[in-house]
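In this note's numbering, the protein residues as written are 19 to 256.
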C-alpha cells in the first residue's frame with residue numbers, strides 16, 4: 019500500500035475490498051479513522067512523515083545550502099558553531115562507535131526546528147513537531163536534543179557508512195521487523211504504521227536511537243527492535 023494521488027489530485031491509497039474491487043481511500047479519511055482508533059497525535063505524526071519524506075527527496079546539495087543560508091546568515095558562520103559528537107550524543111556513545119560512523123558528519127544544535135521547516139518551505143502548521151533533521155547531501159545533522167541527534171546519526175550511518183552488503187542485511191532485518199513486529203490496534207492502524215515504517219532507513223534510525231539512549235530497555239526495544247540493536251552492537255561498536 020503506497021501513498022499516491024487519484025485523478026482529482028487527492029492524496030490517498032488504492033485498496034482492494036473484500037469484493038475484489040479497487041477503490042481509492044483518501045488520506046484525510048484514513049487519518050480521521052486513525053484518530054478515532056488511536057489518537058490525533060499518532061495520525062498527525064504519520065501524515066507529517068509521509069508528506070515531509072516526499073519533500074526531502076526533492077532537495078539537492080544546492081538547495082540544502084540555500085536553506086541553511088536562510089536559517090543562518092552564511093554557510094561560513096556555521097563552521098564555528100558545529101558541535102563535536104562527544105558533546106551531542108548521549109553519554110559514552112561517541113567513544114563506543116567506530117570512527118567511520120562519525121566521519122564527515124557535522125552536528126548543529128537548533129533551538130527552534132520551525133525555523134528550519136520555514137527555510138525549507140514547509141508549512142509548519144501541517145507538520146508534526148520535528149526535533150531533528152539530516153541533510154544527506156551536505157551531511158549536516160540539525161537537532162534540538164541528544165536523542166534526536168542520535169536518530170539523525172542513524173540516517174547518516176545507513177546512507178554513508180554501511181557498505182552495500184551491510185545495507186542489504188539491515189534492509190532484510192528491517193523488513194522482518196515491520197512484517198512481524200508487535201504492532202497493536204486496528205488493522206487499518208497496522209497497515210498505516212507499516213507504511214510509515216516500511217523504509218529500512220527509518221527503521222534503522224529508530225533502532226540506533228534506542229541503542230544510543232541506553233538505560234532500561236523499553237518493551238518496543240526488547241521486542242521489535244532487538245534484532246537491529248544486536249546487529250548494531252556487533253558491527254558498529256568498537
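Glycine is no exception: its CB is placed at the ideal position from the N, C-alpha and C atoms. Keep in mind the model is a prediction, meaning the values are calculated, not measured.
If distances are taken between C-alpha atoms only, which option among the options comes closest to residue i?
| i | options | result |
| --- | --- | --- |
| residue 132 | 111, 86, 173 and 155 | 86 |
| residue 31 | 38, 25, 42 and 37 | 42 |
| residue 171 | 216, 197, 231 and 194 | 231 |
| residue 28 | 122, 156 and 45 | 45 |
| residue 99 | 34, 225, 126 and 35 | 126 |
| residue 217 | 228, 229 and 197 | 197 |
| residue 151 | 117, 82, 24 and 105 | 82 |
| residue 177 | 34, 118, 84 and 136 | 118 |
| residue 109 | 244, 245, 227 and 250 | 227 |
| residue 124 | 104, 22, 183 and 194 | 104 |
| residue 122 | 194, 135 and 155 | 155 |
| residue 224 | 130, 153, 173 and 253 | 173 |
| residue 165 | 106, 115, 128 and 116 | 106 |
| residue 220 | 84, 169, 157 and 38 | 169 |
| residue 255 | 179, 39 and 26 | 179 |
| residue 183 | 253, 36 and 24 | 253 |
| residue 167 | 135, 195, 181 and 128 | 128 |
| residue 175 | 243, 130 and 250 | 250 |
| residue 112 | 229, 88, 222 and 39 | 229 |
| residue 80 | 24, 33 and 157 | 157 |
Mind checking which residues open and close the beta strand (DSSP E) that includes residue i?
| i | result |
| --- | --- |
| residue 30 | 29–34 |
| residue 41 | 40–44 |
Would you kindly report the start and end of the unbroken alpha helix (DSSP H) that includes residue i?
| i | result |
| --- | --- |
| residue 195 | 182–198 |
| residue 225 | 218–231 |
| residue 251 | 244–253 |
Just grab the DSSP bridge partners of residue i for me.
| i | result |
| --- | --- |
| residue 7 | With the chain covering 19 to 256 only, the question about residue 7 has no answer from this structure. |
| residue 22 | 30 |
Checklist entry - With a cut-off of 8 Å, do at least 3 Cβ pairs link the segment 153–167 to the segment 181–196? => result no
Checklist entry - In the segment 97–135, which residue ranges form an unbroken alpha helix (DSSP H) of at least 4 residues, counting only runs that do not cross its ends? => result 103–106 and 111–114
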